[in-house]
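Numbering (our numbering), first residue to last: 1 to 180.
#1: Helix, strand or coil, according to DSSP, for residue 133 in the structure here?
#2: Checking 7 Å against the spacing of the C-beta atoms, do residue 50 and residue 144 come in under that value?
#3: Within a Cβ cutoff of 6 Å, which residues of the same chain sit near residue 68, ignoring the five residues on either side of it in sequence?
#4: Looking at the secondary structure, which residues open and close the alpha helix (DSSP H) in which residue 77 lies?
#5: Rounded to whole angstroms, what is the Cα-Cα separation between residue 32 and residue 44?
#6: Should residue 58 go down as buried or exposed, given a rule of 16 or more other Cβ atoms within 10 Å for buried?
#7: Taking the alpha-carbon positions, what's the residue 170 to residue 110 distance?
#8: Using a Cβ-Cβ cut-off of 6 Å (strictly less than) and excluding sequence neighbours within five positions of residue 53, which residues of its own chain qualify?
#9: Would you mind sorting residue 60 into buried or exposed? The rule is 16 or more other CB atoms within 10 Å of its CB.
#10: What alpha helix (DSSP H) runs, 4 residues minimum, are completely inside the segment 104–174?
Here is the structure:
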């Protein structure tokens, strides 16, 4: 009879430990979730504060809006306002590219070849756009690190065209889900 009483106490003790362990796991999980939401909120705010610095460095007026967010991933849409193509070319592709562009454009103007000039400008725009996107994705994390209250955040910017974005986003979110 005495052995049965000990077994009952042992089982109650085991259940108590199990409940206590589960309670600790839930509390830690809730803390991680709050910490993750706080980090995402800080990252979103940091990017928002860094965009004017990026705009200033590149020298192009832009409007930026959030298109999508799921967990720590958010997609921003950047619309570029009118700008001086030569200045932009210099900032995103470099001085040498800007000089070549200017020489070719002036040559086509001097030769009175408006159709060729239009085709040239039409062909160079996607290259300038891609250069600007790449430059922005480098500058945003750099500018963010300059702000002391965001220096601990790790942000990765991936510049994609609309046609590439959906596939990349789907694959990345699927990967994130597998890593849980």
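Here a beta-carbon is modelled for each residue, glycine too, at the ideal position from N, C-alpha and C.
Keep in mind the model is a prediction, meaning the values are calculated, not measured.
In terms of the structure at hand:
#1: The three-state secondary structure of residue 133, taken from DSSP, is helix.
#2: Result yes, Cβ atoms of residue 50 and residue 144 sit closer than 7 Å.
#3: So the list reads 75, once near-sequence residues are dropped.
#4: No alpha helix (DSSP H) contains residue 77, which is instead part of the beta strand (DSSP E) from 73–80.
#5: Caution is warranted here: a pLDDT of 43 is assigned to residue 32, below 50, making its placement in the model unreliable, and no coordinate value can be reported.
#6: Buried, by the Cβ-count rule.
#7: C-alpha separation (whole angstroms): 49 Å.
#8: Closer than 6 Å at Cβ, skipping near neighbours: 143.
#9: Buried, since its Cβ has 16 or more Cβ neighbours within 10 Å.
#10: Taken in chain order, the whole alpha helix (DSSP H) runs of length 4 or more contained in the segment 104–174 are 114–146.
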